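Chains as they are written, first to last, in the numbering used here: chain R, 558 to 962; chain L, 558 to 962; chain C, 558 to 962; chain E, 558 to 962. Beta carbons are placed, not taken as given, at the ideal position from N, Cα and C, and that holds for glycine. All values reported here derive from a predicted model rather than from experimental measurement.
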């Protein structure tokens, strides 16, 4: 690689971490690749900016932040005597950079409407394999780690576990940009408490209060931010718009939209036919395709499509109610009837709907392991000095109903 | 207005200021208006996020921030004994909220290509007048203040002067989101130092070092951020893309784009024919129209259009050089010839170009006035204890040349 | 009061909150009083700066911060329609400013050695009464509120309850100055969620996650900061030094120290004889008296006194172990014997000792009340959607042993 | 060194930088040394906390912060290809840690009264030499660098120059703790712009705006904070107290104070007799000695001593006026006469006095060197695109007069 290139972009500014170094030219070239540059046009938090106007940060920035934290993690673990070769370190940087590259625009909405049955993890893997071809196999180790096939288990756990680098960055970043200060965690302290025992990622005992705080902060972010009722209703309305668009496409109704978006609207894409060509088109699809289509659909002759699109664009959303128990069918009927005074039944089917959201603050299946001073491992629940953590394993479910104002 | 509405959205979260209150339901309704909601889809800093990945904040957020600072300013001035009626305060809030509403997507690029000869201030005024009709004249006083026609001169100076609320917010906000800490100013201290003397906005003597710091920080932000060479080249490439698109449109070449964007590409819009209908269409135009069009033009058959569009989307920009003197014609020719090895002359005309940028840190025409302890007013330059401020009045010019790598 | 005085000090800078206004000249005069100025020389966190070098903030600063938050609380409650007269508001400001004025230097250590049996709350009340005399009864209402005798119960709860202004400020402030980010809470959001129902201070339902986060952050601050083993051992060593000094004083051994400190060392002060003269001398006692005495005692002929004093000054502390169960007597004996190799038995009695610390994250006796959307009150434990809060009511006890290295 | 020790204190929390690592056990032992621990009891900003209540940070914390920045500087310079051996790096850490160790309590006041004619730099050197003896010569290289005798000139410039590590830390730290946001600089960016050319420390061209901002911020901190009139008058009153105490001591009047302070009050210490024993006693002298003595002197029979001491302790200071020209003798006489109405002439001599303060924002004698893209060095003044820097070379002088209210 030319020297020029390595000098071109060595440092990135991050309002949270300060200066971020790009460790070498291979990483630099991956960041420069159009696949990765696409993430500049995909926001991390979708419609959360309708509630928290500062939350416009991108998946690009989050991925770069993850790489920064991974560099710190490697430095800390090495300092504690854990051997990590330069190749392994590099693989970790690539794996964390690329783990979320498969996220589409408004990811969760799209997964429920456009590319049903293909998870973003699968698409991330496809991207990595494609990049591995282009970069002559230099991503092989990163892919092994990402897939959990590399023998040193803690490396996969750094990428994907209940206390992984991804979560450390997104909680801190989302808290920062939304201004929800309570969501803030100390990623620096959590990293400093990490260690490796029997090839497993563990947290040293004195870090237990930080882990507890991390779980509670994450829980707060879920209910106060990620599942905030305004973003929830907006996202569900987007699902409805996309479902309607899909229906119209099946009937060959013309829908103004970008070439890439058209491909996914007018084809049935599943894991069976998600081939290289699909991947290439997927790599051209971002927030701009989806939102600019919806902006056009404001003027569409289909009433369902135009009504929902207008509501989204002007932030004049459906009303939403949340509660801990299922909504009675009679209440649902009542809202339907009220809607029918203004809308046809067909439209009402898109405007009055129910659903539920769940959050489990702590999952005992793949527990966080605590390393005590004597070198023994305990599950977090057992290590905690209170019932507190146990309490967090109970999934919390909330039901919602949406209807026109 | 229904009580429900006033309760719906009273507080907004700002990562910089904390909680921002919306003072009343009239202001609330203006913020809810689609004209204002459009600002959610217009970034404050255009292509600066290509250099500073955190800089994705919107004009919506900036306008809300300005309103917050204006509330502070009113509170401080009233505390100092300056009479400001509730109507005047409200007018100030509306004026500062709406002063920038006329900014289009990638404002500066568009002003040089699409809506030539119509400044964003003029468009802001048109929006205000339109809203004034809709809100039965409740914006009349705000418009008077905005236009500088209200007798109490300091109110216009709060909206538009060398030390206005707009600048206080954008410097702090842009510094925050880019992570360029030196750009940070203390808007709180500057507001605390504001006073009114003979109906003019003045700064109390002890605030002189803060003013000096404000000017230097702004100067730094210009050269380090706003005119950073990467955003500069990207913005200039966008101007070229739009000029090319405009040319093709004149020849009736088909250009995929949104309905609103199409209107501005296929019509010649100037101040003479910028009518109500134009305003309505303008109100539908934002970053999503422009960027999603450019994404489509990547596949366009016109080589100039597709080359520039691809470069922008993949952040694979032209090379740019900056210096304090004009580039020699021979150097320009040399770059053209080198370009011709790869591109046709027609393409080269769009890919090799020069230009200049200017910044004047302090303008003596409408000076910042300093109020000394005896109640006398001095111009800032005279009040300063050094030549420092005088030095800042000299405009700094830098010349640039862009060409293919 | 002269106008000059009101202008002399209107605004204070706070690194956390920004500018703090002193609301009026009565409050200003209280702050200027030597009783209150003494708080400039009493650190908030005692020996915590031996672990967290940034933690040198004073009780003065904390009290000023509380006043700021109280101003916010009054503004928010008034905005929600709760009537608070100007006299009541003023009384609240005075009560929160003065509630902790009775804290002595290294408060907890002194309470266990020097002024045994007189709580800092009692001394605060004495100070308030004395100030009330000097200010011609202008503090009467503040005292009523502080004592819980004013009929509007929520006012006392703002001063003293499980979610009072004192805690909101100290958690945020201690977190800020120690750099322990996880201790950070959003005092702004908690204040915004406050309301009054049936004259009781309540939290609106949507604030429940913030309350939960507040409790967990406080718990973390206890175990990670306030009860950090290094500050714990230092504080316990200080208790030992003071006990030894007291013993020597009883035997009329000469102890170099300040006049004020001498009074408390050479007299037995209890609630029975804590009169006006004692209060006056107490008002001259601060961190400087205690630490400068200990510095002198480094050179004292009494070995116990000089050994412990030297250890504290040079931060060469005893070793400390903590665990959840009581230390076996045999282990204690073992440590004593080891100490006897180097020290006499008399000295060992001061150098080897055990103790325990307790923290209860949430107390059900005076519960935090949650106000649901229908206007009903629930206890926090019942309102929570998990067992989480219930779990926090269990007191956590840790036992410690200290001995020479 | 035992392994235990190295593990005891590896990480320190800094509210500004986050976690600070102590690089090795030698550095750890120096920090643990009583000489260095004394800095925990010396505040960085003296009486500035009378104006900025948050400014209680210590010289200990500042020195640790400098070590952190030096670690960064070494990492950055090595990354740029500058060879720095591990021994050199260690010497730099020790030199920066210890460069200010010679500062006494209320340093500037003491230098004008107690240890006249011995600069804190000389005392720092004495401490280093003493430590070098104790640590078997391991500080020799650090001392060479500190004294400017090591051939690699840039190393001394990192310790002491117009843009040294000391300034980078104290500006950022003092700005942080006072809450004066405009004083904030980006030490991270300035470090990132550092380079070495011909063994000189230089700043790369693109860092020029940051340097400019650094100079302006420093200037602002001088006039707004360091030379704030309230701290100025307090510090000058302290000089007067100490001068009076010295006078009384000469007459063998008894002054209650600590043993260490007594030594300096009752002896004439100059560079001629500042021997090892003096150094040992100096190492026991800190803020606690000085302030606790002044607290005792409140009750002293000498009226001058007690008047000034009472004023300082109760923050009931003399009035101060500042202006750019010398105060007329007639004005001074007038203030003396007014003082004589209340005080004797002897007392008035201590209560009415004049003086001046100076600040030069940029000194051309040892200029900051700018490295342009072609590898050429320019002085900062020449490299700047404006007259701005030149203007900053002019010293600004302000005269003051103090007198009783």
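Going by beta carbon distance, what residues of the same chain come within less than 8 angstroms of residue i, once the five residues before and after it are set aside?
i	result
residue 736/R	609 and 611
residue 674/E	827 and 828
residue 577/L	568, 569, 570, 571, 621, 622, 624 and 625
residue 954/E	881, 913, 914 and 915
My assumption, with CB atoms under 8 angstroms, is that residue i sits in contact with residue j. Please give the rounded CB distance.
i	j	result
residue 926/C	residue 757/C	6 angstroms
residue 725/R	residue 649/R	14 angstroms between Cβ atoms; not a contact.
residue 644/E	residue 681/E	Incorrect: roughly 21 angstroms between the Cβ atoms, too far for contact.
residue 801/L	residue 918/L	Contact flag wrong, Cβ pair sits at about 35 angstroms.
residue 770/C	residue 772/R	So it is not a contact: roughly 11 angstroms between Cβ atoms.
Can you pull the chain C residues whose beta carbon is under 7 angstroms from the beta carbon of residue i, in chain order?
i	result
residue 815/E	849, 852 and 853
Spatial neighbours of residue i within its chain, please: CB distance less than 6 angstroms, with the 5 preceding and 5 following residues excluded, ordered by chain position.
i	result
residue 787/C	607 and 608
residue 952/E	915 and 917
residue 962/E	876
Assign residue i to one of three DSSP states: helix, strand, or coil.
i	result
residue 739/L	helix
residue 721/C	coil
residue 936/L	strand
residue 873/L	coil
residue 928/C	strand
residue 707/C	coil
residue 571/E	strand
residue 792/L	helix
residue 619/R	helix
residue 916/C	strand
residue 898/L	coil
residue 905/C	helix
Would you mind telling me which residues of chain E sit closer than 9 angstroms to residue i, beta carbon to beta carbon, in chain order?
i	result
residue 749/R	568 and 576
Interface residues of chain L around residue i at Cβ under 7 angstroms?
i	result
residue 609/R	570
residue 856/R	816
Suppose the cutoff is 7 angstroms on Cβ atoms and the five residues either side in sequence are ignored; what does the same chain contact list for residue i look like?
i	result
residue 566/E	Its pLDDT being 48, under 50, residue 566/E is placed unreliably by the model, and nothing is read from it.
residue 616/C	596, 599, 601, 657 and 660
residue 779/C	916
residue 631/C	641, 646 and 649
residue 878/C	957 and 958
Find the residues of chain C that neighbour residue i, judging by a C-beta separation of less than 8 angstroms, and give them in chain order.
i	result
residue 658/E	By Cβ distance, chain C contributes nothing, its closest Cβ being about 15 angstroms from residue 658/E, past 8 angstroms.
Using a cut-off of 7 angstroms between C-beta atoms, extract the partners of residue i located in chain E.
i	result
residue 741/L	738 and 741
Which bits of chain E does residue i rub up against, with CB to CB less than 8 angstroms?
i	result
residue 745/R	575 and 576
Name the chain R residues that come within less than 7 angstroms of residue i, Cβ to Cβ?
i	result
residue 900/C	Near residue 900/C there are no residues of chain R at all, since even the closest Cβ is about 28 angstroms away, more than 7 angstroms.
Between residue i and the ligand PLP, is there a pair consisting of the residue's CB and a ligand heavy atom that are separated by less than 8 angstroms?
i	result
residue 932/C	This structure does not include the ligand PLP; it has no bound ligands of any sort.
Which whole runs of the alpha helix (DSSP H) in the segment 815–869 of chain E are 4 residues long or more, in chain order? 816–823, 833–839 and 844–854
Starting from the N-terminal side, write out each stretch of the alpha helix (DSSP H) that is 4 residues or longer and does not extend beyond the segment 629–704 of chain C. 643–655, 664–668, 677–691 and 697–704
In chain order, what are the residue ranges of uninterrupted beta strand (DSSP E) at least 3 long that sit wholly in the segment 734–786 of chain C? 751–754 and 757–761
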